[in-house]
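Read in order, the letters of the sequence shown are residues 1 to 202 in UniProt numbering.
Written below as structure tokens is the structure these notes are about.
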Amino acid sequence: MHGRIRGVTTERLLDQQELINREARQVAAELDLMAVLGAVGEPVQVGSSALRVMVRRDLDVTVVCRELDRDAHLAVARIGAELAVLERVREVRLRDDTGMWNTDPRYPDGLYLGVSYRALDGADWTLDIWFVDRPDRQPDLEHLRTLAPRLDDDHRALVLAIKEELAKRPAEGIASYEVYRAVLDHGVTTTAEFDDWRADQR
1 MHGRIRGVTT
11 ERLLDQQELI
21 NREARQVAAE
31 LDLMAVLGAV
41 GEPVQVGSSA
51 LRVMVRRDLD
61 VTVVCRELDR
71 DAHLAVARIG
81 AELAVLERVR
91 EVRLRDDTGM
101 WNTDPRYPDG
111 LYLGVSYRAL
121 DGADWTLDIW
131 FVDRPDRQPD
141 LEHLRTLAPR
151 LDDDHRALVL
161 AIKEELAKRP
171 AEGIASYEVY
181 RAVLDHGVTT
191 TAEFDDWRAD
201 QR
């Protein structure tokens, strides 16, 4: 595919994404992440790395567990503790969003590990790891099923260009899914169009 998006070549956007995605795979390998998480359930790489629309160094994994019982809580806590003592890990956060702590009906019960990691190449990464036992209600797994088949390179380039601009406005906290939806379902092609579309949604 050839073309330009507001002066930026689509090839550059896609190549840069592939470079960051390659780094993500290396980070997962450095931590032996899938094997570690596999002790609790079935780990699935989700989010921008799985959809191949990476702009920031964030790696998202959802682990499908049989049940989020006490044993699962203990196992997740152990994984967090094991990660926390690694030399290249700065911070590990554990959050319980099960039972009374789950205050958002849009999401299933879940346990969350947030990891701040410095890769061997010196780049800083954020790992967002969710453990769930109702995968049918987990949005990121649904996005993987429904969005991935629709994202061709043309769409990816548009998404990447918009996300790159939005990354300069982190305070707004705009979810990537909004960008995917705007591009795929509403024909948005620029950040200005995205801002207009988002304003209309309110």
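No residue lacks a Cβ here, since even glycine has one placed at the ideal position from N, Cα and C.
- Runs of the alpha helix (DSSP H) spanning 4 or more residues and lying entirely within the segment 101–169 occur at 139–146, 153–166, in chain order.
- Cβ neighbours of residue 92 within its own chain (closer than 6 Å, five residues either side excluded): 80, 83, 84, 115.
- Taking all protein chains in view, the Cβ of residue 170 is surrounded by fewer than 16 other Cβ atoms within 10 Å, so the residue is classified as exposed.
- Of all alpha-carbon atoms in 44, 138, 76, the one lying nearest the alpha-carbon of residue 63 is that of 44.
- For residue 59, the enclosing beta strand (DSSP E) covers residues 58–64.
- Counting only the Cα atoms, residue 175 lies some 26 Å from residue 68.
- Excluding its 5 nearest sequence neighbours in each direction, residue 52 has C-beta neighbours in its own chain below 7 Å: 17, 21, 156, listed in chain order.
- Residue 30 is bridged by DSSP to nothing; it lacks a bridge partner.
- Counting other Cβ atoms within 10 Å of its Cβ, residue 125 reaches 16 or more and is therefore classed as buried.
- Close CB contacts of residue 162 within its chain, under the 6 Å cut and outside five residues either way in sequence, are with 179, 191, 194 (chain order).
- DSSP places residue 93 inside the beta strand (DSSP E), whose first and last residues are 89–97.
- Cβ-Cβ separation between residue 123 and residue 23: approximately 6 Å, consistent with a contact (criterion under 8 Å).
- Taking the C-beta atoms as reference points, residue 134 is found no nearer than 8 Å to residue 104.
- Distance from the CA of residue 48 to the CA of residue 131, rounded to the nearest whole angstrom, comes to 18 Å.
- In the DSSP assignment, residue 44 is bridged to 62.
- CA-CA distance, residue 127 to residue 149, rounds to 24 Å.
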